[in-house]
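Protein chains in written order, with full-length UniProt numbering: chain A, 1 to 98; chain B, 1 to 98. Heads up, the beta-carbon is just placed ideally off N, CA and C, and yes, glycines get one too.
Number of protein chains: 2
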Amino acid sequence: MERARAERIAGVLKAIADPTRLQLLHLIQSAPDGEACVGDLTERLGLRQPTVSHHLKTMTAAGLLARERRGTWVWYSVDPDGMEAVREILRAPARTAS
Amino acid sequence: MERARAERIAGVLKAIADPTRLQLLHLIQSAPDGEACVGDLTERLGLRQPTVSHHLKTMTAAGLLARERRGTWVWYSVDPDGMEAVREILRAPARTAS
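Given below as structure tokens:
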């Protein structure tokens with residue numbers, strides 16, 4: 001695996017290697033229609049709004065979440081391509097010999 | 001997701017959220033018979049032996065690698081249960097409504 005690719009993948013993994021972010025990711029995934037806004041998540045986890053917003057911003061930048069503004073609210077959903085990329089990383093590569 | 005579970009999973013993800021560890025994991029996975037010893041890995045990545053040993057120890061503690069001593073050498077292989085656990089984490093849970 002080339003160093004540049006390993007660094008990119010490590011960055012994505014770091015973005016979810018945090019208990020609060022994992023909880024947020026699962027809340028969003030299991031929400032009705034697979035989307036949630038900051039207020040919902042803040043209430044569910046008993047966290048402050050800036051804390052939740054910061055975590056969501058980091059995961060969006062890493063390609064794990066998609067965000068969409070509708071009126072005054074921003075809705076977050078899991079980016080299926082981003083999550084698939086992470087799963088793909090963790091799949092065993094072909095061996096050079098058996 | 002309960003906090004205790006989120007913390008445990010985050011710990012495993014942190015153990016692989018590092019470019020050198022990802023490179024080591026892929027080298028081991030793609031080695032003949034899926035196992036490698038420290039000397040092989042040191043040479044392939046151009047790293048010092050204590051650095052490689054430290055990374056392997058961390059990944060073994062996280063349940064991602066298995067180690068077996070044969071004679072004077074220690075062989076490392078990917079622990080399939082550990083890797084499957086990580087993949088399982090990243091699978092989308094059932095939604096509460098569609």
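Does chain A have any CB closer than 9 Å to the CB of residue i?
i	result
residue 99/B	No answer is possible for residue 99/B: it lies beyond the span of chain B, which begins at 1 and ends at 98.
residue 49/B	no
residue 68/B	no
Around the Cβ of residue i, are there at least 16 other Cβ atoms within 10 angstroms (buried) or fewer (exposed)?
i	result
residue 49/A	exposed
residue 19/A	buried
residue 3/B	exposed
residue 10/A	buried
residue 36/A	buried
residue 87/A	exposed
residue 55/B	buried
residue 61/B	exposed
residue 176/B	This structure does not reach residue 176/B, given that chain B is present from 1 up to 98, and the question cannot be answered.
Is there at least one Cβ from chain B nearer than 9 Å to residue i's Cβ?
i	result
residue 18/A	yes
residue 61/A	no
residue 96/A	Low confidence applies here, because residue 96/A scores a pLDDT of 43, under 50, leaving its location unreliable; read the following figure in that light. True, the Cβ-Cβ gap to chain B drops below 9 Å.
residue 89/A	yes
The ligand SAH heavy atoms versus the CB of residue i: any closer than 8 Å?
i	result
residue 25/B	Absence of the ligand SAH is noted for the structure shown, with no ligands found whatsoever.
Only counting runs of 4 or more residues, tell me where the alpha helix (DSSP H) segments fall wholly within the UniProt domain "HTH arsR-type" (1-98) of chain A, in order along the chain. Those alpha helix (DSSP H) runs which fall completely within the UniProt domain "HTH arsR-type" (1-98) of chain A and span 4+ residues are 3-16, 19-30, 38-45, 49-61, 80-89.
According to a CB-to-CB cut-off of less than 7 Å, which residues of the region 2-28 of chain B neighbour chain A? 3, 6, 7, 9, 10, 13, 14, 16, 17, 18, 19, 22, 23, 26
Closer than 8 Å, Cβ to Cβ, to anything on chain B: give me those residues from the region 30-48 of chain A, in chain order. 30, 31, 32, 33, 34
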